[in-house]
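**Student:** The sequence shown runs -6 to 479 under our numbering.
Just so it is clear, CB atoms sit at the ideal spot from N, CA and C, and this is done for glycine as well.
These numbers come from a predicted model, not from an experiment.
Let me give you the structure first, and then I'll get to my questions.
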Amino acid sequence: MKSPKSTKSLRSIRSARSGNTENIFHDDICDLDNMLVMACAKFNCPYAVSVKKEIRQDDYYKALKQADNKTKSKRISLMPEHKVPESTVDVPTHSDQASSVTPSVSYTNNIATTFVYDNYHTLTEIKITKVSQVPDILLKIFGLLVPYYKNLVRLSITNCGIDMYTIHELGKMLNVSTITEICLDGSPLASCDYSILLRSSLRNLSLCRCKVNDEACEIIASKLHHAAAADNLLLLNLSSNHITDEGAKYFGGALRTNRHLRYLNLADNHITDGGACYLLDVLIEFPLTYDEILNMRRRRLDYFKCRNTLYSKYLEGHCKRSYDQISQSTSSKRKKTSTTTLKSKSSARKEKERPSSGSAIEDFIKTKAEMMLTEVMGSFQDPFHPHCTKNVDGYKYYYGNMTLASLNLAYNNLSYITIKKLYKVILYQNSIRKTINGGLVKVVVDGNNMPISCTEMTDINDLMAKNTGQTGKNLELLRWRSRAIK
């Protein structure tokens, strides 16, 4: 009689794996605390740094969990949820590992930091709140630690005191980490110069309640133009500041060439109808200035100059070697075929109709060079692309900025004039939406001196609801196609 095989059930294997991953995640969480403790002790940080840990579940995970609870009465969890206790780790005295290396330093202030983890218990955000003055030594320590956490994408310093040294350390941190979101809400800067942050690949910048004025808007807007430092910025929050029509004018000028910014929040400022018109005028068809036409032609000329230079270098260098190799291989093939086979009349006719071997090799080399250039440089991209411009009575017009999707102008000094202008913008963008994708999806104008009900406002709400529904259908179509490909 055969002895039964010692096999493990699938449930036991999965539970063992989930337990191992749970231990790994827990070790990572503890490892960050230990590293922070040792780094603060090594750099003699004269502050008591307390660490609080949170787990933030994203909306998709919550929706998926609710759907599972509705459809299934019982659910077997392959990876049990690990809840991290909200403990506090004080650097000076509560850590046993740092007791041997911690020097005798007098701690005069307590800095509360929060580490936010996602569903997989990986670090995604660091938050520092309510600190009278953020010490530079703490930011330097974070600058040494954050490059080792590849899922860390957000850094929040809210309701704190900061200076230019803080901005300088944040700029250095952005260049060596995966952080793409910076939140400085309630942390005003005396000089209002945030240009250092805009020199990196930052995608989300929030400066709510930072006393940003028109001078700061001019600096920020100068970095938002095409091919500028902050050309990759997608979200900009400047709500509850001191921005007037002059600041809105700077952003309107930047939106003429910016094709990346999706969200602009200027709520709770001092913008009137004139400032709103500066922003709305670039969302519809507008004429190009002489300088814009000149810069467009210069960019196009520089592109083709660079393309021709790379093309000639490729032909001179690599293609000569490939030409010799191909010619040698074709000559050897001819010798073999001439000694072994006899050509018939039909094959001779075909040989006459074919192009010569030299022309075939030349065509092959050119095709290879074109493929290389397309891969390296890509097609010509410009904010005023010829496909999006037209000539009217000798003047060149652009179709308008269709990249900006959300605009928040709530709680300003707007009136019925802005509503009429906004209605024209929505009508125009809907008329060209079939040829050019994009356009406004959400506009917020609450809290302004506007009529409670008017025909324009009703039509705007209907058109925006239609646009939002169409966007949702497009997203569902993309999801369906992705599932079909999988």
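Excluding the 5 residues preceding and the 5 following Met289 in the sequence, name in chain order all residues of the same chain whose CB lies nearer than 7 Å to its CB.
**Tutor:** Taking the sequence shown and counting its residues from 1, the one referred to as residue 289 is at position 296. The answer, listed in chain order, is Asp375, Phe377.
**Student:** How is Lys435 classed by DSSP in three states: helix, strand or coil?
**Tutor:** By one-based count along the sequence shown, residue 435 stands at place 442. Here Lys435 sits in strand by DSSP.
**Student:** With contact counted as at least three CB pairs below 8 Å, one residue from each stretch, are the segment 355 to 365 and the segment 382 to 393 in contact?
**Tutor:** no
**Student:** Have a look at Thr396 and Leu257 and give me their C-alpha separation to the nearest angstrom.
**Tutor:** Walking along the sequence shown from the start, residue 396 turns up at place 403. Walking along the sequence shown from the start, residue 257 turns up at place 264. About 11 Å.
**Student:** Determine whether the beta carbon atoms of Lys204 and Pro181 lie at a separation below 7 Å.
**Tutor:** Here residue 204 corresponds to residue number 211 of the sequence shown, with the count starting at 1. Here residue 181 corresponds to residue number 188 of the sequence shown, with the count starting at 1. Going by C-beta atoms, Lys204 is nearer than 7 Å to Pro181.
**Student:** Let's see if you can read the secondary structure: which residues bound the alpha helix (DSSP H) around Lys133?
**Tutor:** Taking the first residue of the sequence shown as position 1, residue 133 is located at position 140. Start and end: 129 to 138.
**Student:** Going by Cα to Cα distance, which pick from Phe108, Asp186, Ala353, Gly136 is closest to Arg48?
**Tutor:** If you number the sequence shown from 1, residue 48 lands on position 55. As written in the sequence, residue 48 is Ile, which differs from the Arg given in the question. Among Phe108, Asp186, Ala353, Gly136, the Cα nearest to that of Ile48 belongs to Phe108.
**Student:** Can you list, in chain order, the residues of its chain with a C-beta nearer than 8 Å to that of Arg252? Leave out the 5 residues immediately preceding and following it.
**Tutor:** By 1-based counting over the sequence shown, the position of residue 252 is 259. Same-chain partners within the cutoff: His219, Pro376, Asn394, Thr396.
**Student:** Please report the distance separating the alpha-carbon of Asn27 from that of Ala34.
**Tutor:** Against the sequence shown, residue 27 aligns to sequence position 34. Against the sequence shown, residue 34 aligns to sequence position 41. Counting only the Cα atoms, Ala34 lies some 11 Å from Asn27.
**Student:** Any chance you could list the alpha helix (DSSP H) runs of at least 4 consecutive residues sitting entirely within the segment 389 to 425, in chain order?
**Tutor:** 409 to 425
**Student:** Using alpha carbons as the reference points, say which of Glu211, Ala260, Asn230 lies closest to Gly245.
**Tutor:** Taking the sequence shown and counting its residues from 1, the one referred to as residue 245 is at position 252. Per the Cα distances, Glu211.
**Student:** Keeping to the same chain, check which residues put their C-beta closer than 8 Å to that of Met166; ignore five residues upstream and five downstream.
**Tutor:** Working through the sequence shown from its first residue, we reach residue 166 at position 173. Excluding residues within five positions, the ones whose Cβ falls inside 8 Å are Leu132, Phe135, Gly136, Val139, Leu148, Ile172.
**Student:** Please work out which residues of its chain come closer than 6 Å, Cβ to Cβ, to Asp439, disregarding the five sequence neighbours upstream and downstream, and give them in chain order.
**Tutor:** In the sequence shown, counting from the first residue as 1, residue 439 sits at position 446. Hits under 6 Å: Ala403.
**Student:** Can the beta-carbon of Ile213 be found closer than 7 Å to that of Leu177?
**Tutor:** As a first step, residue 213 is located in the sequence shown; it is residue number 220 there, counting from the start. As a first step, residue 177 is located in the sequence shown; it is residue number 184 there, counting from the start. No.
**Student:** Given that a residue counts as buried once 16 or more other Cβ atoms are within 10 Å of its Cβ, and exposed if not, what is Asn460?
**Tutor:** The residue you call residue 460 lines up with position 467 of the sequence shown. Looking at its Cβ environment, which holds 16 or more other Cβ atoms inside 10 Å, Asn460 is buried.
**Student:** Count the other CB atoms within 10 Å of the CB of Asn234; is the residue buried (16 or more) or exposed (fewer)?
**Tutor:** In the sequence shown, counting from the first residue as 1, residue 234 sits at position 241. Classification of Asn234: buried, given that the 10 Å Cβ count is 16 or more.
**Student:** Return the bridge partner residues of Ser199 from the DSSP annotation.
**Tutor:** Here residue 199 refers to the residue found at position 206 of the sequence shown. Bridge partners of Ser199: Cys176, Asn230.
**Student:** Relative to the alpha-carbon of Thr250, which residue among Ala105, Tyr392, Asn37 has its alpha-carbon at the smallest distance?
**Tutor:** Within the sequence shown, residue 250 is the residue found at index 257, counting from 1. Looking at Ala105, Tyr392, Asn37, the one whose alpha-carbon comes closest to that of Thr250 is Tyr392.
**Student:** Where does the unbroken alpha helix (DSSP H) through Glu47 begin, and where does it stop?
**Tutor:** By 1-based counting over the sequence shown, the position of residue 47 is 54. Counting along the chain, Glu47 falls outside any alpha helix (DSSP H), though it belongs to the beta strand (DSSP E) covering 41 to 48.
**Student:** Which ranges does the alpha helix (DSSP H) cover as unbroken runs of at least 4 residues, wholly within the segment 250 to 274, from first to last along the chain?
**Tutor:** Those alpha helix (DSSP H) runs which fall completely within the segment 250 to 274 and span 4+ residues are 266 to 273.
**Student:** Return helix, strand or coil for Lys120, following the three-state DSSP convention.
**Tutor:** The residue you call residue 120 lines up with position 127 of the sequence shown. Three-state DSSP puts Lys120 in a strand.
**Student:** Starting from Thr159, follow the alpha helix (DSSP H) in both directions and report where the run begins and ends.
**Tutor:** Start at 1 with the first residue of the sequence shown, and residue 159 comes out as number 166. Thr159: member of the alpha helix (DSSP H) spanning 157 to 169, first to last residue.
**Student:** Which of the three DSSP states, helix, strand or coil, is assigned to Val369?
**Tutor:** In the sequence shown, counting from the first residue as 1, residue 369 sits at position 376. Looking at Val369 - three-state DSSP - the assignment turns out to be helix.
**Student:** If I measure Cβ to Cβ from Lys427 and keep anything under 6 Å in the same chain, skipping five residues before and after, which residues do I get?
**Tutor:** In the sequence shown, counting from the first residue as 1, residue 427 sits at position 434. Correct list: empty, nothing qualifies.
**Student:** Looking at the strands, I want to know which residues DSSP matches up with Tyr110.
**Tutor:** Residue numbering aside, residue 110 sits at position 117 when the sequence shown is read from its first letter. Residue pairing by DSSP places Tyr110 opposite Ile48, Leu116 in a beta bridge.
**Student:** May I have the straight-line CA-CA distance separating Thr41 from Leu303, to the nearest angstrom?
**Tutor:** Taking the sequence shown and counting its residues from 1, the one referred to as residue 41 is at position 48. Taking the sequence shown and counting its residues from 1, the one referred to as residue 303 is at position 310. Correcting the residue identity first, residue 41 is Ala in this sequence and not Thr. Spanning the two alpha carbons is a distance of roughly 57 Å.
**Student:** Considering Thr151, what are the terminal residues of the beta strand (DSSP E) in which it resides?
**Tutor:** Position 158 of the sequence shown, counting from 1, holds the residue named residue 151. Thr151 -> beta strand (DSSP E) spans 147 to 151.
**Student:** Grab me the residues of Thr334's own chain with a C-beta within less than 8 Å of its C-beta, minus the 5 sequence neighbours each way, in chain order.
**Tutor:** Numbered from its first residue, the sequence shown carries residue 334 at position 341. Here the model assigns Thr334 a pLDDT of 49, short of 50, so the residue's position is not dependable and the matter cannot be decided.
**Student:** Indicate whether Asn405 and Asn441 have their beta-carbon atoms separated by less than 7 Å.
**Tutor:** As a first step, residue 405 is located in the sequence shown; it is residue number 412 there, counting from the start. As a first step, residue 441 is located in the sequence shown; it is residue number 448 there, counting from the start. Their beta carbons are under 7 Å apart, which means Asn405 touches Asn441 by this criterion.
**Student:** Please name the residue in Ile130, Ile419, Cys185 whose C-alpha comes closest to that of Leu39.
**Tutor:** By one-based count along the sequence shown, residue 39 stands at place 46. According to the sequence provided, residue 39 is Pro. The question's Leu does not apply to it. Minimum Cα distance to Pro39 is reached at Ile130.
**Student:** Based on Cα-Cα distance, which residue from Val30, Leu200, Glu174 lies nearest to Ser193?
**Tutor:** For this step, residue 193 is matched to residue 200 along the sequence shown. Comparing Cα positions, the closest option is Glu174.
**Student:** Using C-beta distances below 6 Å, list every residue in its chain close to Ser408, excluding the 5 sequence neighbours before and after it, in chain order.
**Tutor:** Along the sequence shown, read from residue 1 onward, the residue named residue 408 stands at position 415. Around Ser408: Asp266, Asn442.
**Student:** By Cβ distance below 7 Å, which residues in the same chain neighbour Leu456 in space, the five residues on each side in sequence not counted?
**Tutor:** On the sequence shown, residue 456 is found 463 positions in, with the first residue counted as 1. The answer, listed in chain order, is Ile419, Asn423.
**Student:** Per DSSP, which residues does Thr382 bridge with? Please list them.
**Tutor:** One-based indexing of the sequence shown puts residue 382 at position 389. According to DSSP, which records beta bridges pairwise, Thr382 is partnered with Tyr391.
**Student:** In the segment 272 to 312, which residue ranges form an unbroken alpha helix (DSSP H) of at least 4 residues, counting only runs that do not cross its ends?
**Tutor:** List check, alpha helix (DSSP H) in window: 283 to 309.
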